[in-house]
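Single-structure report; data block below.
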Amino acid sequence: MSSVDTRQRQRGVFGSVLPTPAMDAAVLGDLLARDKRRSQPAVVVPAADREMSYHDFITTAYKSGNVLRYLGLSADARLAVDPALRPEPLLAFLGAAQLGAVTTFDSTAEARVRLVSVDDEAAHTERGGRLAVFGGSPEATTTTHWEQEVWSENPAFPPTEVDPESTALVAGDQQYSHRRLLKMAERVVEELSLTKGSRLAIRTPLSRPETIGGGLVAALAAGATAVFITDAATAVDADAALVDDAALVDDEQSTPEPRRLAIGTLLD
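Okay, so the sequence shown: first residue is 725 according to this note's numbering, each after it adds one.
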């Protein structure tokens, strides 16, 4: 596994056993167990022509965590990520979560490590923290080439204890703990009847925390496939959809999936 055993990780700071939310997971790293690796697609991004199986996605999440550790990310430190619709930002988020670190999808925020598109390297070279880029080789020798480092990393992640109440995601002034994101995921799984093999179209931006908790985390918790799409109307192979509130206002402009849930309903 990417972390210590589930019972150990459910223990809070005072040693009491905490209840498990979505799918017996206490923290996000529990969704990345080795025995969950299989050939079924975990993430599909049609706009980037990218698809990753559960085997490749989980293994690369382990590698991403190791790269972030090498770059200096640790528990409670912050990772700032470009919310580009590609697998790399998603994997970086999960890599940080395994470390007990905090992610923000605001690439300009103060952070110890920053991951952005190679096209935006120059705009971030003067910001604080270590800089890594995806999508190509960097110009500066001090900038890390994300894909190259991930490819060469160890395909396993050492046991790391993470508190379920620790913050995993920050959006504006809102903080989202592992537990809060898993509860959000659990609600989506139940309301959209997601099961192993389902395909969830996620038609909301990565900058929204509900996209992470109700989209990516929900799909992983159910063993479903997360299909990230940029708009509300383009047809994709999916059974259900997570959509922006406006997409449900007019049935004629609604998404093609038979089961839909607006992210506004996930706010608490």
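Cβ atoms here follow ideal geometry from the backbone N, Cα and C, with glycine treated the same way. Computed from a prediction, not measured in an experiment: that's the story for all the values here.
CB of residue i within 7 Å of CB of residue j, strictly
i: Ala785; j: Ala835; result: no
i: Ala986; j: Val967; result: yes
i: Gly859; j: Ser876; result: no
i: Ala895; j: Pro862; result: no
i: Phe817; j: Thr832; result: no
i: Asp796; j: Arg854; result: Here residue 796 is Gly; the residue named in the question, Asp, does not match the sequence. Contact flag set, yes.
i: Thr979; j: Ala965; result: yes
i: Ala821; j: Leu752; result: yes
i: Leu814; j: Leu940; result: yes
i: Ala909; j: Ala948; result: no
i: Gly819; j: Leu792; result: yes
i: Leu944; j: Pro807; result: no
Pick from the options that is closest to residue i, judged by C-alpha positions
i: Ala864; options: Gly753, Asn790, Glu845; result: Glu845
i: Ala880; options: Asp748, Val751, Ala749, Arg761; result: Arg761
i: Arg911; options: Ala801, Leu990, Glu775, Ala820; result: Leu990
i: Leu905; options: Glu915, Tyr794, Thr827, Leu893; result: Leu893
i: Asp1043; options: Thr866, Tyr900, Val874; result: The displayed coordinates of the chain run from 725 to 992. Any statement about residue 1043 would go beyond what the structure contains.
i: Ser825; options: Tyr794, Lys787, Val886, Thr783; result: Here the sequence assigns Ala to residue 825, which means Ser is not the residue at that position. Ranking Tyr794, Lys787, Val886, Thr783 by Cα distance to Ala825 puts Val886 first.
i: Pro770; options: Gln764, Arg984, Ile926; result: Ile926
Reduced DSSP category for residue i - H, G, I as helix; E, B as strand; rest coil
i: Ser788; result: helix
i: Val842; result: helix
i: Arg802; result: strand
i: Leu985; result: strand
i: Pro745; result: For Pro745, the pLDDT reaches just 39, beneath the cut-off of 50, and the residue's location in the model is therefore unreliable, although a value from the coordinates is still provided. Of the three classes helix, strand and coil, the one that applies to Pro745 here is coil, per DSSP.
i: Val967; result: strand
i: Val837; result: strand
i: Ser931; result: coil
i: Lys760; result: helix
i: Phe881; result: coil
i: Lys920; result: coil
i: Val912; result: helix
Residue i: first and last residue of the uninterrupted beta strand (DSSP E) it sits in
i: Gln898; result: 898–901
i: Ala895; result: 891–895
i: Ala950; result: 949–952
i: Ile926; result: 923–926
Identified DSSP bridge partners for residue i
i: His869; result: Val857
i: Val769; result: Arg774
i: Thr828; result: Ala804, Val894
Residue range of the unbroken alpha helix (DSSP H) whose run includes residue i
i: Glu812; result: 811–823
i: Leu944; result: 942–946
Beta carbon proximity, residue i to chain B, threshold 7 Å
i: Ala757; result: The structure shown has no chain B; it contains just one protein chain.
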